Amino acid sequence: MTDQGLSRLHKPYFRRGPDYRFGEDRSFADVRDQFALAGVRVGAWVSAEEQQLAANLVFDALADLAWVLKVPPAVLGLRGQLQLAFGSRGQLSAQAHYEPATRILALAKNAGGGALAHEFWHAFDHHMATKLYPDASPRAMASHLWLARPNFRPHPLNQLLHGVLKTVLLSEDGQSPSDYMTRALALDKGRGRPYFSQPTELLARAFEAFVQDDDEVSNRYLVSGTRQSEAARQGAYPQGSHRRRCQQAFAHYFTALGQALSGA
-8 MTDQGLSRLH KPYFRRGPDY RFGEDRSFAD VRDQFALAGV RVGAWVSAEE QQLAANLVFD
52 ALADLAWVLK VPPAVLGLRG QLQLAFGSRG QLSAQAHYEP ATRILALAKN AGGGALAHEF
112 WHAFDHHMAT KLYPDASPRA MASHLWLARP NFRPHPLNQL LHGVLKTVLL SEDGQSPSDY
172 MTRALALDKG RGRPYFSQPT ELLARAFEAF VQDDDEVSNR YLVSGTRQSE AARQGAYPQG
232 SHRRRCQQAF AHYFTALGQA LSGA
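First residue of the sequence shown? That's -8 in the working numbering, and the numbers climb one at a time after it.
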């Protein structure tokens, strides 16, 4: 059977990185335990074969993400609050989505590949809202609050996260929107509704670019499309020197976070 006759789940996803599984299969229970997730839900229409394929893909993708971020694997569970759903909570036309009300990151069975990094940022953005702003509402995103509320909770890690948000959303002098945001506003004007220019979406795409640009790890199930896709050609991702500055800001923040949480 050719790749064209395969479902998205069965198609090979390019990956370069360490062999965390040592050639063995992993289950979704292993995914839950390794990454300290609150739980994993698998849809009733996911076969045993599909479940095994998906568990291996998700395990490798999350392990690669932890590698890129330089954080202990358990950090990805967001203090045991993040849940994962596979093939059970699909939305029309969505590869994947994050639900703030339930803290569920949902991957579609046949269309979830390449969206995991993007949706993880949404979960992280939501998780960090109360870390920056203790009085944040239950569904608030840190990136949205940051634009409206310059006074966040003082903490060295929050200061580094402030650096990420400022670098992505604002010009280098901090006095105007970044070119990246300006392009997103133009894309939304053409669409007739806000999406690309929403702060959490701007941050999620910048985070995708940071993950995909890693020199050591490449995983198409984790992230794809930040360089050669139609969206990339339209300017939906950070470009040039701004992209490099975003990478540096993300790297400084997550390296410090990893050191703080590993006791280094």
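Yeah, the Cβ is synthetic: ideal placement off N, Cα and C, and Gly gets one too.
Quick caveat, the model's predicted, so the values are computed rather than measured.
Residue span of the beta strand (DSSP E) that contains residue i, given as start and end
{"i": "HIS88", "result": "87 to 90"}
For residue i, the residue or residues it bridges with in DSSP
{"i": "SER209", "result": "ARG7"}
{"i": "PHE77", "result": "VAL33, LEU98"}
{"i": "PRO168", "result": "LEU161"}
Distance CB(residue i)-CB(residue j) smaller than 8 Å
{"i": "HIS243", "j": "GLY154", "result": "yes"}
{"i": "ALA139", "j": "VAL202", "result": "no"}
{"i": "ALA99", "j": "ARG32", "result": "no"}
{"i": "GLN72", "j": "THR93", "result": "no"}
{"i": "GLY68", "j": "ALA27", "result": "yes"}
{"i": "LEU156", "j": "MET172", "result": "no"}
{"i": "VAL22", "j": "VAL49", "result": "yes"}
{"i": "HIS135", "j": "PRO190", "result": "yes"}
{"i": "SER209", "j": "GLY8", "result": "yes"}
{"i": "CYS237", "j": "ALA197", "result": "yes"}
{"i": "ALA97", "j": "ALA87", "result": "yes"}
{"i": "ALA120", "j": "ALA114", "result": "no"}
Residue i to residue j span [Cα, whole Å]
{"i": "GLN(-5)", "j": "ASN149", "result": "Residue placement at GLN(-5) is flagged as unreliable, the pLDDT there being 49, under the threshold of 50; the coordinate-derived value follows with that caveat. Distance between the alpha carbons of GLN(-5) and ASN149: 46 Å."}
{"i": "PRO129", "j": "HIS146", "result": "21 Å"}
{"i": "ALA35", "j": "LEU178", "result": "38 Å"}
{"i": "PHE143", "j": "ARG12", "result": "40 Å"}
{"i": "LEU152", "j": "PRO3", "result": "35 Å"}
{"i": "ALA20", "j": "PRO64", "result": "15 Å"}
{"i": "LEU123", "j": "ALA133", "result": "7 Å"}
{"i": "ALA251", "j": "TYR212", "result": "28 Å"}
{"i": "LEU248", "j": "ALA57", "result": "12 Å"}
{"i": "TYR89", "j": "SER220", "result": "22 Å"}
{"i": "LEU44", "j": "SER188", "result": "35 Å"}
{"i": "GLU41", "j": "GLY104", "result": "13 Å"}
{"i": "PHE5", "j": "GLN225", "result": "24 Å"}
{"i": "LEU60", "j": "GLY216", "result": "19 Å"}
{"i": "ALA240", "j": "THR158", "result": "7 Å"}
{"i": "ASN101", "j": "ALA52", "result": "16 Å"}
Limits of the unbroken alpha helix (DSSP H) element including residue i
{"i": "GLY249", "result": "231 to 253"}
{"i": "SER134", "result": "133 to 139"}
{"i": "ALA223", "result": "221 to 224"}
{"i": "GLU192", "result": "190 to 203"}
{"i": "GLU110", "result": "107 to 123"}
{"i": "ALA54", "result": "39 to 60"}
{"i": "VAL22", "result": "19 to 25"}
Buried versus exposed, by CB contacts within 10 Å (16 or more), residue i
{"i": "GLY181", "result": "exposed"}
{"i": "PRO229", "result": "buried"}
{"i": "GLU163", "result": "exposed"}
{"i": "LEU176", "result": "exposed"}
{"i": "ASP16", "result": "exposed"}
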